[in-house]
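Presented below is the structure to which this report refers.
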Amino acid sequence: MRRLLTALALILTPSLAVAAQPILLKPARVWTAEDAGPPHAGWAVLVKDDKIAAVGPLASIDATGAEVIDLPGATVIPGLMDLHSHLFLHPYNETSWDDQVLKESPITRTLRAGVQAKATLEAGFTTLRDLGTEGVGAADAPLKKAINEGLIPGPRLFVATKAIVATGAYGPARRNFNPEAEIPQGAQEASGVPEVIKAVREQAGAGADWIKVYADYRVGPDGSTQPTFSLEELKALVDTAHSSGRPVSAHASSDEGMRRAVLAGVDTIEHGYGGSEATFKLMAEKGVVFFPTLTAVESTSTYFGGYVAGQTPPTAAMRNADRAFKLALKSGVTIGMGSDVGVFRHGDNARELALMVKAGMTPVQALLAATAIDAKTLGRGETLGQLKPGYLADIVAVTGDPTQAIEATRSVVLVVKGGQVVRRP
Ligand SMILES: [Zn+2]
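What follows is the structure, encoded as structure tokens:
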């Protein structure tokens, strides 16, 4: 009976059954993300169980008994990461954000999140930090569990459950609806120190790995972006999160929203389009990581701002995002890779890498952001984000050399996650 149960368990959880046979990846070159150096021609990577066993010149690796996967012309790199995703959203030109939150069933949204997780993994993104379900409660926690248990394929998830917003600050905005109607919200509302502390504890209890807070939003009387929480509220939120071992991600587009979030001690700032030089310098000084989400701006400009790539000039919002990115880079801020995917199609995450290069990074800088830097931001720099012996075998192969042409990150030919081959040539 026990043997039968074991066999059943293996059938029911295929991705937990780690390959017994080692795998030797034989590409044209290997880029390890250990530094900003070029890839190594003629290197190979040996995978045993769920880890990397060896990385180096092909002749130096003992690959006895290994399955050899030839990857001619390809570059092997660490699995890519996107630390600003929304698996529970789909592009706003398909369905507006308001309509997704108001009209779509949480079950439909959760099923779609599963499909989108698979598309993400197959595109070479083996890790996501998913920054809020936007109206589906804490459904990201069981989604993560389902992936970890091998029930469905998907990236490693670090989840935020419900984002925390100031009362009346977020959406769907009640002013746009019948004031008698009860409008479901895309995040958890809180006001005052006791409520923000309670909100953090509730999200932690619901399974959040990170606490996400909106330090500003479109709350001005004219719809302009203004700070939402006071510095005192933000400090209480950050202290509560940190004391529970959880880092804090702050949505902030205005300079004052960013400044308050940084002073309160958050770990990452999302968007930052309106950041001043002084604020970016403060971020650099305090080691706050910046996630520029350039693709979100390009996407909303395309959907709603009349922008046509290659035909019209960039919109004011795009110019602002570009300005902030360049200023952050110049100010020495650590810049990670976070795209806000969900605003645009899941699986197209690599668009962000191309935009980061277009805005002034070298391809290697952008690749480091999406590997070693993102891993370090997650506190997983010792196990993820680089190709080193003993690291988890999250590995991608792309056609061409992405350190020369970043667009190569869109030509994924092989994906390995935790030693499991998810996609092969
Ligand atoms: Zn977002």
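So the sequence shown is residues -19 to -1, 1 to 406, counted in mature numbering (1 follows the signal peptide of the UniProt record, and there is no 0). Idealized CB from N, CA, C, for every residue including glycine. It should be emphasised that the depicted structure is a prediction, and the values quoted were computed from it without experimental measurement.
Check	Outcome
Can G260 and V243 be called in contact, C-beta distance under 8 Å?	Residue 260 is actually Thr in this sequence, not Gly. Yes, the pair counts as a contact, with Cβ atoms nearer than the cut-off.
For L(-12) and K99, what's the separation of their Cα atoms in angstroms?	Unreliable positioning characterises L(-12) in this predicted model, as indicated by a pLDDT of 48, which lies under 50. The coordinate reading is nonetheless provided below. Those two C-alpha atoms are separated by around 23 Å.
My parser needs the beta strand (DSSP E) runs of 3 or more residues fully inside the stretch 22 to 52; what are they?	24 to 29, 32 to 38
Using CA coordinates, which residue listed in Y195, D30, A94, S257 is at the minimum distance from G149?	Y195
Cβ of G112 within 7 Å of any heavy atom in ligand 1?	The sequence given here places Leu at residue 112; Gly does not occur at that position. Under cutoff, so the answer is yes.
Look up Q169 in the DSSP assignment and give the residues it is bridged to.	I145
Which same chain residues end up closer than 6 Å to I133 when comparing Cβ atoms and leaving out the 5 residues on each side of it in sequence?	G95, A127
Just how far apart, CA to CA, sit G341 and D355?	19 Å
How should K125 be labelled, buried or exposed, when 16 other C-beta atoms within 10 angstroms of its C-beta is the threshold for buried?	buried
DSSP state of V57, grouped into three classes?	strand
Mind checking whether the beta-carbon of H65 lies closer than 7 Å to any heavy atom of ligand 1?	yes
According to DSSP, simplified to helix, strand and coil, what is A378?	strand
Residues in the same chain with beta-carbon distance under 7 Å from K267, minus the five sequence neighbours each way, listed in chain order, please.	V243
Could you check which residue in I42, A47, G37 has the C-alpha nearest to that of D30?	A47
Whole angstroms are fine: how far does the CA of G256 sit from the CA of A305?	6 Å
Expressed to the nearest angstrom, what Euclidean distance is found between the alpha-carbon atoms of A217 and L138?	26 Å
Does the distance between the C-beta of D121 and the nearest non-hydrogen atom of ligand 1 fall short of 7 Å?	no
Determine the direct distance from the alpha carbon of R332 to that of P136, and round the result to whole angstroms.	18 Å
Compute the Euclidean distance between the alpha carbons of T380 and T142, then round it to the nearest angstrom.	36 Å
Please name the residue, chosen from A189, T107, M299, that lies closest to A144 on a Cα-to-Cα basis.	A189
Would you say the beta carbon of E251 is closer than 7 Å to some non-hydrogen atom of ligand 1?	yes
On the three-pair Cβ rule with 8 Å, is the stretch 6 to 16 touching the stretch 344 to 363?	yes
Please return the same chain residues whose Cβ sits closer than 6 Å to the Cβ of A231, not counting the five positions on each side in sequence.	V194, A196, A242, V247, I250
Can you give me the start and stop residues for the beta strand (DSSP E) that F325 sits inside?	Segment: none, F325 is in no beta strand (DSSP E) and carries neither H nor E.
Measuring from the CB of L197, is there a heavy atom of ligand 1 at a distance below 7 Å?	This sequence places Asp at residue 197; Leu is not what is there. No, the beta carbon of D197 sits no closer than 7 Å to any heavy atom of ligand 1.
Rounding to the nearest angstrom, what Cα-Cα distance links G167 and R110 in this structure?	18 Å
Is the distance from the Cβ of A44 to the Cβ of L5 below 8 Å?	yes
Could you check the C-alpha separation between I376 and G360 for me, to the nearest Å?	19 Å
Rounded to whole angstroms, what's the CA-CA distance from T283 to Y254? Just pull it up for me.	17 Å
Report buried or exposed for T89, applying the criterion of at least 16 other Cβ atoms within 10 angstroms of its Cβ.	exposed
Leaving out five residues on either side along the sequence, give the residues of the same chain with a beta carbon under 6 Å from the beta carbon of A180.	I145, Q169, A171
Does the separation of the CB atoms of V394 and L52 fall below 8 Å?	yes
Please report the residue range of the alpha helix (DSSP H) in which D80 lies.	78 to 84
Could you give the C-beta distance for D39 and A25, rounded to a whole number, given that I count them as a contact under 8 Å?	Per the sequence presented here, residue 39 reads as Leu, with Asp not at that position. The pair is a contact, with the Cβ atoms about 4 Å apart (cut-off 8 Å).
If I measure Cβ to Cβ from Q184 and keep anything under 8 Å in the same chain, skipping five residues before and after, which residues do I get?	A119, A141, T142, K143, I145, Q169, I192
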